[in-house]
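Participant: Have a look at this one.
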Amino acid sequence: MSDYLIKALGYDGTVRAYAIRSTMMVQEAASKHDTWRTVTAALGRALSAGTMMGAMLKGEEKLTIKIEGSGPASPIIIDANSRGEARGYVSNPHVDPERKSNGKLNVSAAVGEQGYLSVVKDLGMRENFTGSVPIVSGELAEDFTYYFATSEQTPSSVALGVIVGEGDKVEAAGGFILQMMPGVTDETIDEIENRLSGVPPISTLIQEGLTPEEILNQLLGEDNVQILDTMGVQFQCQCSKERIGRAIIGLEEKDIRDMIEVDEGAETHCHFCNEQYLFSKGELEEILKEKQNLSGN
Ligand SMILES: [Zn+2]
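Just so we're on the same page, our numbering is the position in the sequence shown counted from 1, plus 23.
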């Protein structure tokens, strides 16, 4: 039962569809960041959306989603690429708002009902594409729907769900994105709206264990779904000691000297995956030497 996503077309190519099962990657994110249940849901929803949006990219393209809400868990940052790899973190994993009156986790209370959602796409060109929209609900699926409509002029339907069970374990996570392409007929839009209103909420579908294929069959009709691609997805950080070392080279010489002489070493961690990296005095001296060589001193 590993995680994966599918890309599909429906209605003669006028509807583009993505569906993901992200249970394991959301559990991994939650474990790495020690998130409490509501934050697990918030981070998991954002990670699921980000991974599907990454799958819309090509080759070496990548994107970063920044959710700067007014709530205590924000900002939430997600990085994703076109190969099904994503990583992310929240500023405060230990937020525990009360459940809503219907028993659901109150994600918008953790994220915030005001603020901004922005997406920066690195398309390998000189200028990045940046789109930013105000947060409209803080529950995130609505916010991504609003982002696609406003910033990318693509009418879309986004659903995201994370089920957190006993012991804050992620029981199921997933979601879908349906996008109306140019040329879509009013008839198709009406039919999809009808179907969407008759389908149980995404949290029910994923709790019942529906696969991404089964979810799209429910949404678009079995005869209508043309699957283009199936891709494994995972929580994957790009950090390494070497990369962090290069970041240290970029610091002021005085600060590196302080690390050597005052702190006698450096302990640093990656925001995205919480991995700790330790640099000994000797390693920092090497880094300082390298910096001096680079600057020609
Ligand atoms: Zn990392």
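Each residue gets a CB set at the ideal place from its N, CA and C atoms; glycine is no exception.
Since this is a predicted model, take the numbers as computed values, not measurements.
Just jot down, in chain order, the residues whose CB lies closer than 6 Å to any heavy atom of ligand 1.
Facilitator: Result: C260, C262, C293, F295, C296, E298.
Participant: Between which two residues does the alpha helix (DSSP H) harbouring N217 extend?
Facilitator: Run containing N217: 209–221, per the alpha helix (DSSP H) assignment.
Participant: Between E189, K192, L233, Q241, which lies nearest to L201 when the distance is taken from Cα to Cα?
Facilitator: Among E189, K192, L233, Q241, the Cα nearest to that of L201 is on Q241.
Participant: Report all residues from its chain with a CB closer than 6 Å to the CB of Q230; omit the five preceding and five following residues, and keep chain order.
Facilitator: Answer for Q230: I186, A195, listed in chain order.
Participant: For I238, name the three-state secondary structure that DSSP assigns.
Facilitator: In this structure, I238 counts as helix in the three-state DSSP scheme.
Participant: Just list the residues that DSSP pairs S93 with in beta bridges.
Facilitator: Its beta-bridge partners do not exist; DSSP assigns none.
Participant: Let me make sure I understand the geometry here. Which of M76, G94, N115 has the alpha-carbon closest to that of S105?
Facilitator: Nearest C-alpha to S105: M76.
Participant: Tell me the DSSP bridge mates of F152?
Facilitator: F152 is bridged to K144.
Participant: CB-CB under 6 Å to G135, same chain, minus the five flanking residues each way: which ones, in chain order?
Facilitator: Contacts found: G92, S93, G94, S97, G161.
Participant: At a cut of 8 Å, does the stretch 66–82 reach the stretch 47–54 through at least three beta carbon pairs?
Facilitator: With a cut-off of 8 Å, the stretch 47–54 and the stretch 66–82 count as touching, because enough Cβ pairs lie within range.
Participant: Would you check if there are 3 or more beta carbon pairs closer than 8 Å linking the stretch 171–186 to the stretch 198–214?
Facilitator: The answer is yes - the stretch 198–214 touches the stretch 171–186, with three or more Cβ pairs under 8 Å.
Participant: Relative to the C-alpha of N215, which residue among T208, L243, M148 is closest?
Facilitator: Correcting the residue type first, residue 215 is Ile in the shown sequence and not Asn. Among T208, L243, M148, the Cα nearest to that of I215 is on L243.
Participant: Bridge partners for Q259 per DSSP, in chain order?
Facilitator: Q259 is not bridged to any residue.
Participant: Keeping to the same chain, check which residues put their C-beta closer than 7 Å to that of T58; ignore five residues upstream and five downstream.
Facilitator: Answer for T58: L66, V113, P116, listed in chain order.
Participant: Mapping DSSP to helix, strand and coil, what is R329?
Facilitator: Residue 329 lies beyond the residue range present for the chain, which begins at 24 and ends at 320; the question has no answer from this structure.
Participant: Could you give the distance in angstroms between the alpha-carbon of R110 and the alpha-carbon of E306?
Facilitator: Looking at the two C-alpha atoms, the distance is approximately 28 Å.
Participant: Within the chosen definition, does the stretch 243–259 reach the stretch 285–294 through at least 3 CB pairs nearer than 8 Å?
Facilitator: These segments do not touch.
Participant: Within this structure, are the beta carbons of P157 and L146 separated by less than 9 Å?
Facilitator: Contact flag unset, no.
Participant: What residue from L28, Y34, T46, T37 has the CA that sits closest to V193's CA?
Facilitator: Measuring from the Cα of V193, the nearest candidate turns out to be T46.
Participant: By how many angstroms is the C-alpha of K264 removed from the C-alpha of M204?
Facilitator: If I take the Cα positions, the gap works out to 43 Å.
Participant: Can R44 and L28 be called in contact, C-beta distance under 9 Å?
Facilitator: Yes. Within cutoff.
Participant: I'd like the list of long-range same chain contacts for E165, defined as Cβ closer than 7 Å, with 5 residues on each side in sequence excluded.
Facilitator: Closer than 7 Å at the Cβ level, and outside the excluded window around E165, lie V159.
Participant: Measure the C-alpha to C-alpha separation of R280 and L301 and round it to an integer number of angstroms.
Facilitator: Answer to the nearest angstrom: the Cα atoms are 16 Å apart.
Participant: Counting only beta-carbon separations shorter than 9 Å, does C296 have a partner in chain C?
Facilitator: The displayed structure is made up of one protein chain only, and chain C is not part of it.
Participant: Between the Cα of K329 and those of D102, I88, I283, spot the shortest distance and give me the residue it belongs to.
Facilitator: Nothing in the structure corresponds to residue 329, since the chain is present only between 24 and 320.
Participant: Would you tell me roughly how many angstroms separate the C-alpha atoms of P120 and D35, rounded to the nearest one?
Facilitator: C-alpha separation (whole angstroms): 44 Å.
Participant: Put T74 into one of helix, strand or coil per three-state DSSP.
Facilitator: The answer is helix: DSSP assigns T74 an H, G or I state.
Participant: By the 10 Å Cβ neighbour count, where 16 or more other Cβ atoms means buried, how is R60 classified, buried or exposed?
Facilitator: Buried.
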